[in-house]
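Here the structure comes first, spelled out in structure tokens, and everything after it is commentary.
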Amino acid sequence: MGELGHPTFEGQKSCRQVSILATRDSLGGKGQNMSIAVLIGVHDGVVLAADSASTLTFSTPPGVVLPLGQQGFVGNVYDNANKIFNLVKGLPIGCITFGSGNIGSASIGTLIKDLRQKLTETPEELGFDRNKYEMSEIVGILAKFLGEECNKLDP
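Read in order, the letters of the sequence shown are residues 535 to 689 in the numbering used here.
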């Protein structure tokens, strides 16, 4: 263990934070799909890592009753998905995705790239100032953007 009980990695004196998130979704009722996301806080910043499997899902049509715990249907599983994205070209702002790989018919990767284009080319439309920003602002912009995409779906 490194200083203050933080884990030590080869070539690294100590890390400020190590967070590992493993989520298991209940599609199919068996919980067979899993995403893993890792965040390691180091002295110079943050290191992000994730598995590369992405599950595209479909919602249940109205009136269809599923077994207890099942939330939808697996459409496809891709083993080579990108789950780590830079949100603003030229700035060290990134995100990591996990869980369902789509919102409606759009992949999470496509949606994040659409947001990156807006943050890079027309940031003022989103209330983003690339010369003066807080991470909480970025979180709010991302949450609002993805929330709006979810709201476009039929109930």
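Beta carbons: idealized from backbone N, C-alpha and C, even for Gly.
Counting only runs of at least 4 residues, the region 597 to 682 fully encloses the following alpha helix (DSSP H) elements, listed from N- to C-terminal order: 642 to 655.
Between V572 and A587, the gap from beta carbon to beta carbon reaches 8 Å or more. Its Cα nearest to that of G635, the residue G643 stands out among G628, K678, G643. With a 10 Å radius around the Cβ and a threshold of 16 neighbouring Cβ atoms, S670 comes out exposed. A straight-line Cα-Cα distance of about 12 Å links I630 and V673. In the DSSP assignment, L687 falls outside any beta strand (DSSP E), carrying neither H nor E. Distance from the CA of R650 to the CA of V622, rounded to the nearest whole angstrom, comes to 5 Å. With respect to D648, P657 sits apart: the two C-beta atoms are not nearer than 8 Å.
Excluding its 5 nearest sequence neighbours in each direction, Y612 has C-beta neighbours in its own chain below 6 Å: S588, listed in chain order. Non-local beta-carbon contacts of G579 in its own chain, meaning distances under 8 Å to residues more than five positions away in sequence, involve P626 in chain order. Only residues of its own chain outside the window of five on either side were considered, and among them E659, L660 have a CB closer than 7 Å to the CB of K652, listed in chain order.
Cβ atoms of G628 and N620 come within 8 Å of each other, at about 5 Å.
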